[in-house]
Amino acid sequence: MKKIKTLLISLLSLSFVLASCEGPSGPEGPPGRDGFNEIDASPTFIFEIAGITFEKDANYSFGDIIPNDIPIDDSDLVLIYRSNEVNSEGDDVWQLLPQAYFLDQGTLQVNFNHTKDDFEIIIDSNFDLDDLTTDQTNRFLTDQVFRIAVVSASTSSVNTGAKILNNSAFDYETISQGAQLLNFTE
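When the count follows our numbering, it moves up by one through the sequence shown with no breaks and lands on 186 for the last residue.
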């Protein structure tokens, strides 16, 4: 028993001695990244369109050109936010599109597409939009407000990986910091 104790104490002491040894430093590694949000969000341009009503005659869509004073490249990001509600302080609550809403009638989706020159916002559903209630029509189709953000991004920073789209970097508060808000209303 005494030999086992002595052996265990010796092994324990040896492990402390070996753990405290340090070898030569290896070569310096490449610089790391802080997270994966590498979009250079400067400059960002935001313009607002208000009073948009989606109608059956226009296939429940609204399109317009991106103002000429916003320089936009193929690598830039175009993000569209919808004013969904007003919070208790009276501030608009912005939601990044696309958004899906699950109603009693079925699913309604607010989506968009864009080129570097224009954009289109589309209301789509898996049911006839004529079946919306008056409250739902007012909430989703009538007098809608959108903000379009054009975020400058270099090709190299956009190609850093798909993780960038899963980041919360595109919430409206983050995008709008330091943005140039332009006057562009209907």
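Note that the Cβ used here is the ideal one computed from N, Cα and C, for glycine as well.
Cα separation between residue i and residue j?
i    : j    : result
G29  : N113 : 41 Å
L135 : L103 : Residue identity check: residue 135 is Asp in the sequence provided, not Leu. Looking at the two C-alpha atoms, the distance is approximately 12 Å.
P67  : G26  : 53 Å
D76  : N84  : 25 Å
L108 : I46  : 26 Å
I9   : P24  : 29 Å
D124 : T133 : 16 Å
G90  : R147 : 17 Å
K116 : G63  : 13 Å
L141 : S88  : 23 Å
R139 : Y101 : 11 Å
T137 : D74  : 35 Å
I164 : T6   : Confidence is the limiting factor: at I164 the pLDDT is only 39, short of 50, which leaves the residue's position unreliable, though a coordinate-based value still follows. I164 and T6: Cα-Cα distance of roughly 57 Å.
Output the boundary residues of the alpha helix (DSSP H) element that contains residue i.
i   : result
Q99 : Premise fails: Q99 lies in the beta strand (DSSP E), 99 to 102, not in any alpha helix (DSSP H).
Can you name the start and end residues of the beta strand (DSSP E) that residue i belongs to?
i    : result
Q136 : It is not in any beta strand (DSSP E) - Q136 instead sits in the alpha helix (DSSP H) that spans 134 to 140.
S125 : 118 to 125
Y81  : 77 to 86
Q95  : 92 to 96
L129 : No beta strand (DSSP E) contains L129, which DSSP labels as neither H nor E.
Anyone know if the C-beta pair for residue i and residue j falls short of 8 Å?
i    : j    : result
T44  : A149 : yes
E48  : V145 : yes
V78  : V86  : no
I65  : D118 : yes
D143 : G51  : yes
F127 : Q105 : yes
Among the options, whose alpha-carbon lies nearest the alpha-carbon of residue i?
i    : options               : result
D57  : W94, V110, I122, R147 : I122
Y60  : L129, A100, I9        : L129
Y81  : E120, I4, F127, T137  : E120
S152 : I4, I70, Q99          : I70
N111 : Y101, L97, Q105       : L97
Give a yes or no on whether 8 Å exceeds the smallest Cβ distance from residue i to chain C.
i    : result
V151 : Considering every chain present, this structure includes no chain C. It has just one protein chain.
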